[in-house]
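Reviewing the structure listed below.
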Amino acid sequence: MKEISLGLLGLGTVGCGVVKIVENHQDKLKHQVGCSVKVKKALVKDLHKDRLVNIDEKLLTLHAEEVLEDPEIDVVIEVMGGVEEARHYILRALKNRKHVVTANKDLMAVYGSELLAAASENNCDLFYEASVAGGIPILRSLVDGLASDRITKMMGIVNGTTNFILTKMNNEGSSYEEVLHQAQALGFAEADPTSDVEGIDAARKMAILATLGFSMNIELKDVQVKGISSVSEEDLEYSKKLGYTMKLIGIAHREKEKVEVSVAPTLLPHAHPLASVQNEYNAVYVYGEAVGETMFYGPGAGSLPTATAVVSDLVGVMKNMRLGVNGKSMVSPQFQKTLKEKEEVQAKHFLRVHVKDEVGVLSHITNLFSNKGVSFEKILQLPLKEDALAEVVVVTHHASLQRYEDLLEELAGMPMVKEIKSSYRVEGEVAV
């Protein structure tokens with residue numbers, strides 16, 4: 001091979017990062033794959049827009065076919081975002097025997113199986129390392145580095161926006177609304193932050209991680225999702241007092257052949273490695289039967305970190321081209337998907353309730369917990385400034401999700417209970 005030609009779909013933050021790395025790391029790329037690499041064409045929406053990289057305007061186009069139909073373009077890099085249009089373009093590229101690298105987690109969470117099958121049919125590579133956790137090589141680690149192990153659990157902070165918000169709330173005592181506005185001003189949160197703060201972005205990434213880690217086809221609809229928009233300063237203060245730090249945690253857990261996948265605000269002991277992950281950084285904690293516990297940490301987004309993952313996938317494609325093994329890396333899921341029922345999902349929970357400040361109320365509540373088979377690990381009762389109200393804060397022992405939800409439903413209907421203020425999952429044990 002004398003030269004590899006690239007076509008870019010999109011030239012935004014990540015696309016500009018890809019161009020910078022390709023231009024500035026030519027010596028490294030030549031050493032890795034034995035030939036030079038160049039960007040031949042880039043699909044954009046505006047030919048004259050100011051960009052984060054200097055690029056010859058002759059390389060820009062408004063027409064996708066100039067990338068997808070050009071026989072000289074070997075690899076298409078999709079960094080345009082969106083789902084349906086990106087899916088259409090990638091399928092066309094694969095049909096035209098072009099290898100594809102994408103950073104699109106939304107696309108891969110919804111259409112990953114279809115696109116990977118199309119790549120295999122056309123003897124093409126489709127790599128997507130940058131779709132999860134930015135510059136952290138977690139997907140390659142699962143597929144290659146831990147290929148011989150059996151992964152039993154993955155816990156991750158896989159959304160930088162929510163981690164930034166919770167870090168600021170926890171450290172500064174600010175409200176959710178205040179920190180969200182700050183995150184938007186700094187560019188860590190979109191104008192419409194729904195996908196991030198309601199856990200949807202993290203759920204897409206956990207579906208991809210679970211699919212690869214457990215070798216079964218986990219879909220977005222299989223992920224139980226709860227966001228951070230209802231988290232209050234009081235929740236974080238009680239968490240601290242009880243020895244916990246709150247993070248938006250994605251959990252994928254396999255026991256025998258049954259799995260659960262969820263994303264939710266979760267209380268972690270201060271000593272847990274994930275509890276120390278601050279601001280916009282991401283981390284994924286992986287449990288394997290052989291390797292034990294490992295953690296992958298780094299920037300979860302940004303132009304150059306994400307572009308580094310994209311270009312690393314590009315290097316993988318080019319090495320396969322030299323060896324003549326493109327399209328051979330896809331392995332069909334080994335196991336049929338079997339999701340746990342609610343009765344099989346075991347967890348500890350944090351619960352905060354406002355009740356009437358009367359004699360016997362705590363006794364009624366403890367009787368309800370006992371009848372539902374949910375025991376206390378910790379319980380606090382504190383008076384409130386509001387007349388005749390008290391606050392009860394509970395951390396339970398492990399109980400099935402079904403029992404816990406039944407308990408919440410009955411608790412909400414008790415006449416002495418004014419309001420269930422909050423409820424969160426708890427992972428790990430606080431050292432005494």
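Take the sequence shown: its position 199, counted from the start at 1, is 199 in UniProt numbering, and no numbers get skipped.
Just so you know, even glycine gets a beta-carbon here, dropped at the ideal spot from N, CA and C.
Just so you know, these numbers come straight off a predicted model, no measurement behind them.
Within 10 angstroms of the beta-carbon of residue 409 lie fewer than 16 other beta-carbons, which makes it exposed.
Residue state for residue 127 is assigned as strand, using DSSP reduced to three classes.
For residue 430, the closest of 276, 272, 380 by C-alpha to C-alpha distance is 272. With distances taken between CA atoms, residue 170 lies nearest to 279 out of 377, 263, 279, 333.
Taking a C-beta distance under 8 Å as the contact criterion, residue 235 and residue 425 do not qualify as a contact pair.
Residue state for residue 104 is assigned as coil, using DSSP reduced to three classes. Taking C-beta separations shorter than 6 Å and ignoring five residues to either side along the sequence, the partners of residue 216 in its chain run 333, 335, 337, following chain order. Per DSSP, residue 156 is one residue of the beta strand (DSSP E) stretching across 151-157.
The count of Cβ pairs closer than 8 Å, one atom from the segment 358-377 and one from the segment 413-428, reaches three, so the stretches are in contact.
A contact between stretches requires three or more CB pairs, one per stretch, nearer than 8 Å, and the segment 10-21 meets this requirement with the segment 292-311. Restricted to the segment 235-282, the beta strand (DSSP E) segments that are unbroken, complete and at least 3 residues in length are 244-255, 258-269, listed in chain order. Assignment of beta strand (DSSP E) within the UniProt domain "ACT" (350-425), counting only whole runs of 3 or more residues, yields 376-383, 389-396 in chain order. Judged by DSSP in its simplified three-state form, residue 52 adopts coil rather than helix or strand. Proximity of the segment 61-77 to the segment 86-95 meets the contact definition, three or more beta-carbon pairs being nearer than 8 Å. For residue 339, the closest C-alpha among the options 123, 377, 228, 224 is that of 224. Taken in chain order, the whole beta strand (DSSP E) runs of length 3 or more contained in the segment 42-97 are 75-78. For residue 177, the enclosing alpha helix (DSSP H) covers residues 176-186.
Put simply, of 26, 117, 286, 21 the residue whose alpha carbon is nearest the alpha carbon of residue 308 is 21. Excluding residues up to 5 positions away in sequence, 83, 87 lie with their Cβ nearer than 8 Å to the Cβ of residue 111 in the same chain. Take residue 183, set aside five residues on each side of it, and the residues of its chain with a beta-carbon closer than 7 Å to its own are 161, 164, 165, 189, in chain order. In the structure shown, residue 15 adopts helical secondary structure according to DSSP, grouped into three states.
According to DSSP, residue pairing for residue 287 in a beta bridge involves 153, 293. Residue 9 has 43, 78 as its beta-bridge partners, per DSSP. Look at residue 37 here: in three-state DSSP terms it is strand. Counting C-beta pairs with one atom in each stretch, the segment 146-160 and the segment 203-222 have three or more that are closer than 8 Å, which means they touch. Between residue 257 and residue 421, the alpha-carbon positions lie close to 36 Å from each other.
Excluding sequence positions up to five before and after residue 130, its CB lies within less than 6 Å of the CB of 103, 306, 309, 310, all in the same chain and listed in chain order. For residue 228, same chain residues with a beta-carbon under 6 Å away, outside a window of 5 residues either side, are 162, 197, 248, 265 in chain order. For residue 255 and residue 387, the gap between their C-alpha atoms comes out near 48 Å. Here the alpha carbon of residue 393 sits roughly 13 Å from the alpha carbon of residue 348. CA-to-CA, the gap between residue 246 and residue 158 works out to about 14 Å. Inter-residue distance for residue 140 and residue 98 is about 21 Å (C-alpha atoms, whole angstroms). Of the residues 399, 40, 28, the one whose Cα lies closest to the Cα of residue 57 is 40.
Residue 115 holds the alpha-carbon nearest to the alpha-carbon of residue 327 among 45, 115, 209, 46.
Only residues of its own chain outside the window of five on either side were considered, and among them 4, 5, 6, 7, 98, 99, 100, 101, 314, 317, 318 have a CB closer than 8 Å to the CB of residue 75, listed in chain order. When DSSP reads this structure, residue 225 sits in a beta bridge with 263.
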